[in-house]
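Below: one structure, written as structure tokens.
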Amino acid sequence: MWSKIKSFTVFFLGWLAIIVLLVLVLDVLWGVYTRKVMGDQARWTEELARFLLVWISFLGTAIAYLDDKHLGVDILVSHFDKAAKRVSRVFTHVLVLAFSLAVMGIGGTRLCIDRFDSGQLLPSLDISKGWFYLSVPVSGYLIAFFALGNVISLIMGKGVSSDSEEVSS
Amino acid sequence: MNEGLAILLLVFGSLLLLDAPIAFVIGIATAVAAWALGYSDVLISLSRDMGSGLDNFALLAIPFFILAGDLMGAGGLAGRIIDFAASILGRFKGGLALVNTLTCMLFGSISGSAAAAVSSVGGTMIPEMNRKGYDKDFNIALTACAATTGLLIPPSNVMIVYAVVASNMSISALFLAGVIPGMLVGLLLMAVCIIVSRRKGYGGVVDEDAAEIASRRSFLVNTWRATPSLLLVVFVLGGILSGWFTPTEASAVAVLWAFLLAVVIYREVPWKSLPKVAIGSARTTGIVMILVAVGSALSRLLTIEQIPQMVSDGLLGMSSNPIMILLTINVILLVVGTFMDMTPAVLVFTPIFLPVAVGLGMDPIHFGIVMITNLSIGLCTPPVGTCLFLGCSVGKSNIAKVSIAMLPFYAAMFVGLAAITYWEDLALWLPRLLGELD
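Protein chains in written order, with the working numbering: chain E, 40 to 208; chain S, 131 to 568.
Written as structure tokens, this is what we have:
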């Protein structure tokens, strides 16, 4: 069940990222084309680009967390024995869980509610600024959900698929 | 000492040591410090800083250069650049070492990733050099160091990060400023190669093996084959300098060019593996951008607490001699670089040290180049050095042995760093010449 949810999310996030990247490239190229060839740059291109940038960034952050690719410093932990390593891994996943849930998730949700209520619009796209900030809580809840999954499977003794190598070695 | 700063440092240091992802460590340390200092609505303002920190058109060049680099690097780029480099340098003594260095410089510039240069160029050159009698640890050390020069030679993502944290300075001027320092470090590494090769007798009088690679095809053919890839750099720099594109637009054009080369012309990346390449690029983007996001939250906290002012006063109070102060900053950054990766180090330390440097009358562009040159050394040192570690795994050796083989290369990089720090024209001459800087 868990691995099914995980692989579905990876699949879904992956395709979403591909589409966002593709639209981003086309959008910026279209901006250059309209300015250079048609003499007048379409104003929405830059705004859409910044809007999609924040989304691809936070989606990418979630993908990187799922793949366990974020940068860390393992000077100390690499000397730990198996049990201590496991405790420290549980601890780091709890940290990630706390930050993504509290700051990105809850803080981000309240921020978005504020922005949707304020009626502030992205001028050319004519949508609420809340849609821009929505990327933060969406990514936060996704990361929190998978961090929780990682913590549970570490405590239950199954190891996390992506770092099972470290745990078993 | 400021109470908030103490908490920040304590949380940051202890969590960092436990191998927690560094972006989350910066975020948590910032949140805890803000909360302890009695800020209101910490959660909301932090998430807002993270979102608005990324709301910058210039940052868009980062995912684009990553994507272009991934597309270019996926195919036979390393092989074509090696052939090209061999036809220029293959005939000299210690030729393969020189070829390796030049290839890393060009590959690092085109792919924008020092790590990709180590694995792609090293994957081919290290075994080749081993076979021809060069010492294995020397080969790994050389590849790791040479790969970092690509971070100075444009286009370079870490420069974009620096330009954005240092409050939106000119990316084109910064790109140009890196060209000569990057080549200087490359030349110094080559000098070490020549000296070591003479001592150890690598490659004979004429390196027959490198000459052999070179003579498989004529110089013109090798150059012709490498030209489309090298054009990527020409398009980006030329487009920006002629005023045709902004750096961000140039990076989108780079994606288009990389796509045409990899998928349509060379067909080294089949259509069906494009999704995988794109997801990989999105992931790398996420790794860098979450750092930029929490970095901007941290930098706002530091500014409100006037910490850069404090550090600046402290450093300027210690000595009034600019040479000593720059030396101190360099030593601190070298220590930081040994355990911290380049992007987080740039994000955390630019807001702290840049005001000091500017206070000494240093140009912010020059300081950025000094910082990147400095932190490049850290990528090749234990206990944490991405290029060193990757080199050891590609070349199958251990960190202790390679670190010893690194010593002459460290010396070369220190000489380069000193020259770049104290002779500003190395960085600033080219952007001034081309009118990108006053």
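Heads up, the beta-carbon is just placed ideally off N, CA and C, and yes, glycines get one too. None of these values were measured; they are calculated from a predicted model.
Taking the alpha-carbon positions, what's the residue i to residue j distance?
i	j	result
E/K45	S/I409	16 Å
S/S144	S/T503	28 Å
E/D202	E/A186	Interpretation of E/D202 is limited by its pLDDT of 43, a score under 50 that renders its predicted location unreliable; the figure taken from the coordinates is listed afterwards. So the two alpha carbons sit approximately 13 Å from each other.
E/T48	E/V59	16 Å
S/L146	S/I158	11 Å
S/V394	S/R178	42 Å
E/S167	E/L160	4 Å
E/M40	E/F50	15 Å
S/G168	S/E435	12 Å
S/A215	S/L306	23 Å
S/W165	S/L176	11 Å
S/T516	S/Q439	32 Å
S/D471	S/A427	19 Å
S/V385	S/T458	40 Å
S/V424	S/M448	31 Å
E/G188	S/I370	46 Å
E/V177	E/G144	7 Å
S/C510	S/S243	14 Å
S/I156	E/F130	16 Å
Return the chain-ordered list of same chain residues with a C-beta closer than 7 Å to the C-beta of residue i, the five sequence neighbours on each side being excluded.
i	result
S/L520	A245, V248 and S249
E/V93	F171 and S174
S/V500	I550 and T551
S/V335	Because S/V335 sits at a pLDDT of 43, beneath the cut-off of 50, its placement in the model cannot be relied upon, and the following sentence gives the value as read from the coordinates. Hits under 7 Å: K223.
S/D493	E554 and L558
S/L484	A296, P494 and F497
S/W401	V393
S/L560	L306, A307, V309 and I310
By the criterion of Cβ-Cβ separation under 8 Å, what are the contact partners of residue i in chain S?
i	result
E/L98	A412 and G416
E/S174	G181
E/V64	F194, L197, A382, V385 and L386
Just to confirm, are residue i and residue j a CB contact at a threshold of 9 Å?
i	j	result
S/A380	S/D213	no
S/S297	S/P377	no
S/L362	S/A388	yes
S/L189	S/V422	yes
S/L173	E/A141	yes
E/L63	E/L91	yes
S/L207	S/S359	yes
S/I495	S/F544	no
S/G565	S/A293	no
S/V418	S/I270	no
S/L463	S/L505	yes
E/I95	S/G416	yes
S/L148	E/V116	yes
S/F469	S/V514	yes
S/G263	S/L236	no
S/T414	E/G111	no
E/R149	S/D185	no
S/A274	S/V465	no
S/G205	S/V366	no
S/F194	E/V76	no
Tell me, please, which residues DSSP counts as bridged to residue i.
i	result
E/T167	Residue identity differs from the one stated: residue 167 of chain E is Ser in this sequence, not Thr. Answer is E/L160, bridged to E/S167.
By Cβ distance, which residues of its chain are closer than 6 Å to residue i, with the 5 residues on each side in sequence left out?
i	result
E/S200	Because E/S200 sits at a pLDDT of 46, beneath the cut-off of 50, its placement in the model cannot be relied upon, and the following sentence gives the value as read from the coordinates. For E/S200, where only same-chain residues beyond five positions count, there are no Cβ hits under 6 Å.
S/P257	none
S/L314	G546
S/C234	A247, V251, A276 and A277
E/Y104	I182
S/A535	D267, F268 and A271
Run down chain S in chain order and give the residues with a C-beta less than 7 Å from the C-beta of residue i.
i	result
E/F130	L148
E/S127	L148 and D149
E/G188	Correct list: empty, because the minimum Cβ distance to chain S is about 16 Å.
E/A103	R413, G416 and I417
E/K45	Neighbours of E/K45 on chain S: none; closest Cβ ~15 Å, over 7 Å.
E/A56	A408, I409 and A412
E/V93	G181, L184 and D185
E/K108	R413 and I417
Leaving out five residues on either side along the sequence, give the residues of the same chain with a beta carbon under 8 Å from the beta carbon of residue i.
i	result
E/A81	W69, G70 and T73
Going along chain E in order, which residues have a C-beta closer than 7 Å to the C-beta of residue i?
i	result
S/T278	Near S/T278 there are no residues of chain E at all, since even the closest Cβ is about 16 Å away, more than 7 Å.
S/M289	Simply none; closest approach about 18 Å.
S/R562	Ordered by position in chain E, no residue passes the 7 Å Cβ test against S/R562, which lies about 28 Å from the chain.
S/S177	V142, M143, G146, G147, L150 and V175
Listing by chain order, which chain S residues have their CB less than 9 Å from the CB of residue i?
i	result
E/R89	L184, D185, N186, F187, L189 and L190
E/R214	The displayed coordinates of chain E run from 40 to 208. Any statement about residue 214 of chain E would go beyond what the structure contains.
Counting only Cβ pairs nearer than 8 Å, list the residues of chain E close to residue i.
i	result
S/V514	V112, D113 and I114
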